[in-house]
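There are 2 protein chains.
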Amino acid sequence: MIYRDSHGKSLEDYPRPSVAADTAVLTIAGDRLCVLLTLTNDATRREEAEWRLPGTFIHSGETLRDAATRALRDKAGVVGVEVRQLHVFDAPQRDDRGWVLSVAHYGVGRAEALMTSERVRLAPVDELPPLKYDHAAIVAFAVDSVRTDYRRSPDPERLLLAPFTIRQLRLLHEIVLGEQLLPDTFRRTMLDKLTPTGAQLREGRGRPAELYLRA
Amino acid sequence: MIYRDSHGKSLEDYPRPSVAADTAVLTIAGDRLCVLLTLTNDATRREEAEWRLPGTFIHSGETLRDAATRALRDKAGVVGVEVRQLHVFDAPQRDDRGWVLSVAHYGVGRAEALMTSERVRLAPVDELPPLKYDHAAIVAFAVDSVRTDYRRSPDPERLLLAPFTIRQLRLLHEIVLGEQLLPDTFRRTMLDKLTPTGAQLREGRGRPAELYLRA
DNA sequence: CGAATAGTGTCTGTGAGACAATATTTA
DNA sequence: TAAATATTGTCTCACAGACACTATTCG
Chain Y
198 MIYRDSHGKS
208 LEDYPRPSVA
218 ADTAVLTIAG
228 DRLCVLLTLT
238 NDATRREEAE
248 WRLPGTFIHS
258 GETLRDAATR
268 ALRDKAGVVG
278 VEVRQLHVFD
288 APQRDDRGWV
298 LSVAHYGVGR
308 AEALMTSERV
318 RLAPVDELPP
328 LKYDHAAIVA
338 FAVDSVRTDY
348 RRSPDPERLL
358 LAPFTIRQLR
368 LLHEIVLGEQ
378 LLPDTFRRTM
388 LDKLTPTGAQ
398 LREGRGRPAE
408 LYLRA
Chain L
198 MIYRDSHGKS
208 LEDYPRPSVA
218 ADTAVLTIAG
228 DRLCVLLTLT
238 NDATRREEAE
248 WRLPGTFIHS
258 GETLRDAATR
268 ALRDKAGVVG
278 VEVRQLHVFD
288 APQRDDRGWV
298 LSVAHYGVGR
308 AEALMTSERV
318 RLAPVDELPP
328 LKYDHAAIVA
338 FAVDSVRTDY
348 RRSPDPERLL
358 LAPFTIRQLR
368 LLHEIVLGEQ
378 LLPDTFRRTM
388 LDKLTPTGAQ
398 LREGRGRPAE
408 LYLRA
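Here the protein sequences line up with chains Y and L, keeping their order.
Add 197 to a position in the first sequence, counting from 1, and you land on the number used in the numbering used here.
Add 197 to a position in the second sequence, counting from 1, and you land on the number used in the numbering used here.
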């Protein structure tokens, strides 16, 4: 039984857009906040490369999150990154192939889990190459979202393997936020969201630091 | 020239979802925070009414904001309300008519501008009737969003006609936030975002209050 | 020992919450 | 004058920023 409206038409009788799920996966590489890019399909050689965020069209019966996750796996070989929805980009002329909406997503992962293929690259978010479509705007949304999270709690995306020292945590936050943080203020604001383990870590010179877990 | 992918297929050769733009328009009515609802198409008599948020399918060449605005006009007779995007609802079975994504929007308007038609109604957001689809979840997103705005600045949606007294502003914020506010604290937090006019307003008993504009 | 890092003490400024006092008006 | 509302004074608490001091380790 197909639904028909008051004009006797079904949903399929009206024009529909293609809907893409594109994802900005952020990570730390070379002490910088980077985003995962893939080569566009038309690009054959890396030198004349054109870059984009991994994405795909949503399939019937699938959620946007499923589509975004599938694109990460198929287009970039990335698994295990949780994605979240950001915003729909809908400018009518944004895609030269036709009428395409892009539902932007973001996720965060460790760099080792991302450099899986010849056709991917990690680019610093403040030095992006030209990106296809409006993918640069998606990256900006993603960076904003992740920074808001990192202002409020210690490594919410679990980039650090626990246990970790407060120094390790602070250096990570400095990279994500793109600004220096006062060691003592940072320590005190994060301390009540951490659990001390009692164990210590010796690293090079200096007094050993206590290791903590997320509270 | 139609775009074709590596299999020689165009975008139209793949199944696409219908995309709806649904909008929760919030307002103050009867000293409560309310949302604008419309009768569903199938509902004929108001007694056996089934309610939903005004919405429509996006048309080709149109943005989601355009579609949401058009739906407000055509389904509820409402014009002049600015809408903003909230979230995409994409559960595969959310619409019994088929594969439909809903891009939720919200807006805020004065009640006088909303009660324009026989087929609309304002329902308190904490006492909603049963709504079609997942429209109750959209209302919850909208309320959340508007409350966040009202916590940070004085009547950002301009429900009050300027100039206004701080008391009028506080009573409005109390209704939007659903909680009582301390008059002195509220005054001091809002004062630096307001401009005094020098004029005063006498209302019933008590000392006249100064009138302010948004800074 | 000196450099480097970890961690604590403490002062200051800011801002919210709370309560009280003062000011101005109408019934 | 009493009640109602507006406005200001002020105390407290919590917390961030900033700087200085102590603690522990390695070279």
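Think of the CB as a built atom: it goes at the ideal place given N, C-alpha and C, for glycine as much as any other residue.
Computed from a predicted model, the values in this text were never measured in an experiment.
Buried versus exposed, by CB contacts within 10 Å (16 or more), residue i
i: His204 of chain Y; result: exposed
i: Pro327 of chain Y; result: exposed
i: Ser215 of chain Y; result: buried
i: Gln282 of chain Y; result: buried
i: Thr266 of chain Y; result: buried
i: Gly252 of chain Y; result: buried
i: Ala301 of chain L; result: buried
i: Leu358 of chain L; result: exposed
i: Pro351 of chain L; result: buried
i: Lys206 of chain Y; result: exposed
i: Glu400 of chain L; result: exposed
i: Leu379 of chain L; result: exposed
i: Asp292 of chain L; result: buried
i: Gly375 of chain L; result: exposed
i: Glu354 of chain Y; result: buried
i: Gly304 of chain Y; result: buried
i: Arg404 of chain L; result: exposed
Nearest-angstrom Cβ-Cβ length linking residue i and residue j, presumed shorter than 8 Å
i: Gly227 of chain Y; j: Val275 of chain Y; result: With a Cβ gap of about 19 Å, Gly227 of chain Y and Val275 of chain Y do not count as contacting.
i: Ala218 of chain L; j: Ala288 of chain L; result: Rounded, the Cβ-Cβ distance is 17 Å, inconsistent with contact.
i: Ala246 of chain L; j: Leu236 of chain L; result: 6 Å
i: Arg294 of chain Y; j: Tyr211 of chain L; result: Actually they do not touch by this definition, with Cβ atoms about 12 Å apart.
i: Tyr409 of chain L; j: Thr392 of chain L; result: 6 Å
i: Val285 of chain L; j: Val285 of chain Y; result: 6 Å
i: Val336 of chain L; j: Leu325 of chain L; result: 6 Å
i: Val280 of chain L; j: Arg262 of chain L; result: 6 Å
Residue-level contact to chain L via CB, residue i, 7 Å cutoff
i: Leu224 of chain Y; result: According to the sequence provided, residue 224 of chain Y is Thr. The question's Leu does not apply to it. Taking Cβ atoms only, chain L never reaches closer than 7 Å to Thr224 of chain Y, which makes this a no.
i: Leu190 of chain Y; result: Since the first and last residues shown for chain Y are 198 and 412, residue 190 of chain Y lies out of range.
i: Ser299 of chain Y; result: no
i: Leu236 of chain Y; result: no
i: Asp304 of chain Y; result: It is Gly, not Asp, that sits at residue 304 of chain Y in the sequence shown. Output row for Gly304 of chain Y: interface = no.
i: Ser342 of chain Y; result: no
i: Leu269 of chain Y; result: no
i: Tyr330 of chain Y; result: no
i: Leu208 of chain Y; result: yes
i: Tyr409 of chain Y; result: no
Cα-Cα separation between residue i and residue j, rounded to whole angstroms
i: Lys329 of chain Y; j: Arg270 of chain Y; result: 20 Å
i: Arg402 of chain L; j: His332 of chain Y; result: 59 Å
i: Asp389 of chain Y; j: Pro321 of chain L; result: 39 Å
i: Phe361 of chain Y; j: Asp381 of chain Y; result: 17 Å
i: Ala310 of chain Y; j: Arg229 of chain Y; result: 16 Å
i: Phe383 of chain L; j: Leu234 of chain L; result: 32 Å
i: Ile372 of chain Y; j: Ile225 of chain L; result: 44 Å
i: Leu298 of chain L; j: Arg348 of chain Y; result: 33 Å
i: Gly258 of chain Y; j: Ala264 of chain Y; result: 10 Å
i: Arg318 of chain Y; j: Arg249 of chain Y; result: 10 Å
i: Arg367 of chain L; j: Ala412 of chain L; result: 16 Å
i: Ala396 of chain L; j: Glu407 of chain L; result: 6 Å
i: Leu223 of chain Y; j: Thr313 of chain L; result: 47 Å
i: Glu315 of chain Y; j: Asn238 of chain Y; result: 13 Å
i: Phe254 of chain Y; j: Thr345 of chain Y; result: 29 Å
i: Ala308 of chain L; j: Thr394 of chain L; result: 27 Å
i: Lys272 of chain L; j: Trp296 of chain L; result: 22 Å
i: Asp323 of chain Y; j: Ala334 of chain Y; result: 12 Å
i: Leu208 of chain Y; j: Gln365 of chain Y; result: 54 Å
i: Gln290 of chain Y; j: Asp202 of chain Y; result: 30 Å
Residue i at chain Y interface by Cβ criterion, 7 Å
i: Asp287 of chain L; result: yes
i: Arg213 of chain L; result: yes
i: Arg294 of chain L; result: yes
i: Gly227 of chain L; result: no
i: Ser257 of chain L; result: yes
i: Leu283 of chain L; result: no
i: Val180 of chain L; result: No answer is possible for residue 180 of chain L: the residues shown for chain L start at 198 and end at 412.
i: Tyr347 of chain L; result: no
Within the region 247 to 284 of chain Y, ranges of the beta strand (DSSP E) (whole runs, at least 3 residues): 252 to 254
Length at least 4, wholly inside the region 327 to 358 of chain Y: the alpha helix (DSSP H) runs in chain order: 332 to 349
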